[in-house]
Amino acid sequence: MKVMILGKYTIEIPQEQGKPITNKRFIGSPYAGYLKGRLSDISNESFIIEHITRLIAKEHKVNTIIEYFGGLGICSKIFQAILKPHRHIIIDWDTNCFETLRTNLGNLNGVELLNQNAMKYRLNDFVDLAFLDFDKFSVLHLDERADVNRWFNNIFSWSKYILISDSSIAKFHLNKQTYRDLFDKTINSFEDYLSCFSNYLFGLYGYHIGYCYHFSRCSFLLIARRYQSLQEMKKFNEKKHVKLIGSR
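Numbering (our numbering) for the sequence shown: 1318 to 1565.
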């Protein structure tokens, strides 16, 4: 099975992966049911990642990239097409995801695929872009666990740009008081949250959030030392830009 993203990036999904699907339409395509259920999210995430990647390309020549959660390699394909890095490290612990990464990116020059726990990987050289595409993440994760803080310390110490997915927007209305308690500030809007989160990051690492692009379930934050304040926050209209091509 193939997945076409934004009409230009194609991902081949190895057929033998994952659990069998009983739906007759998707027999032989273990990931098809999962992807079919997430087409809208994948579409919006891909659209935003492409937009941010083009923004980075205008600001800075990117030679080295590290992705801590490579997944199916959708964002990897976008980074490769636009940024053309000399070195591209992609980590994923999941065996099925790793096989998909190897199928689609394993033969590209400069790509290093690592099948390991991303939380235990430590940088020891500078990278231009670090990408952390979390399943679920908000500033609360930084405040709760010392091991996460040590991991982030390493990333911020060696990265020029850091791109993070933040899922707080999905249930922001339920957690306002929690954020108020953490920041000791009035938090009435998502923009208030971003402003306080940016100041929090500056206090810890010397970095600010420069850009935030989001849809209803997730936001992506571009973070760097060069930004002194939030340059732009924008919501993208939700559309479907991903297609499943074939089931065999």
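From the three backbone atoms N, C-alpha and C, an ideal C-beta is built for every residue, glycine too.
Closest in alpha carbon position to Ser1455, among Met1550, Asn1492, Lys1319 and Lys1551, is Asn1492. Residues of the same chain with a CB within less than 6 Å of the CB of Arg1404, apart from the 5 flanking positions on each side, are Thr1381 and Gly1427 in chain order.
Inter-residue distance for Ser1512 and Gly1423 is about 39 Å (C-alpha atoms, whole angstroms). Counting along the chain, the unbroken beta strand (DSSP E) around Leu1538 starts and ends at Ser1536 to Ala1541. In this structure, Leu1539 lies away from Asp1483, with their beta-carbon atoms at least 8 Å apart. Sequence-distant Cβ neighbours of His1458 in its own chain, meaning closer than 7 Å and more than five residues away, are Val1465. The Cβ neighbour count for Ser1546, taken over all protein chains shown within 10 Å, is under 16; the residue is labelled exposed. The segment 1424 to 1466 is shown to contain whole alpha helix (DSSP H) runs of 4 or more residues at 1456 to 1461, in chain order. Following the DSSP letters along the chain, one finds Asp1409 in no alpha helix (DSSP H), marked with neither H nor E. Between the C-alpha atoms of Tyr1510 and Val1320 there is a straight-line separation of about 35 Å. In this structure Ile1486 is in contact with His1531, their Cβ atoms being roughly 6 Å apart against a cut-off of 8 Å. Shown here, His1525 sits in a strand according to DSSP, grouped into three states. Less than 8 Å separates the beta-carbon of Ile1395 from that of Thr1370.
Looking at the DSSP output, Thr1381 bridges to Arg1404.
Nearest in C-alpha terms to Phe1386, of all of Ser1515, Gln1548, Leu1431 and Arg1462, is Leu1431.
Here DSSP, grouped into helix, strand and coil, assigns Asp1483 to strand. When the Cα atoms are used, Ile1328 and Gly1390 turn out to be separated by approximately 7 Å. In this structure Ser1357 does not touch Ile1322 by the C-beta definition: roughly 13 Å separates them, more than the 8 Å allowed. DSSP, read as helix, strand or coil, puts Lys1375 in helix.
The continuous stretches of beta strand (DSSP E) do not include Lys1493, which lies in the alpha helix (DSSP H) extending over residues Lys1493 to Phe1500. Annotation for Ala1435: Tyr1385, Phe1386, Ile1408, Asp1409 and Trp1410 place their beta carbon closer than 8 Å to its own, counting only its chain and skipping 5 residues before and after. Using a Cβ distance threshold of 8 Å, Val1379 and Leu1440 do not count as a contacting pair. Contact annotation: Leu1480 and Phe1443 have beta-carbon atoms that are not nearer than 8 Å.
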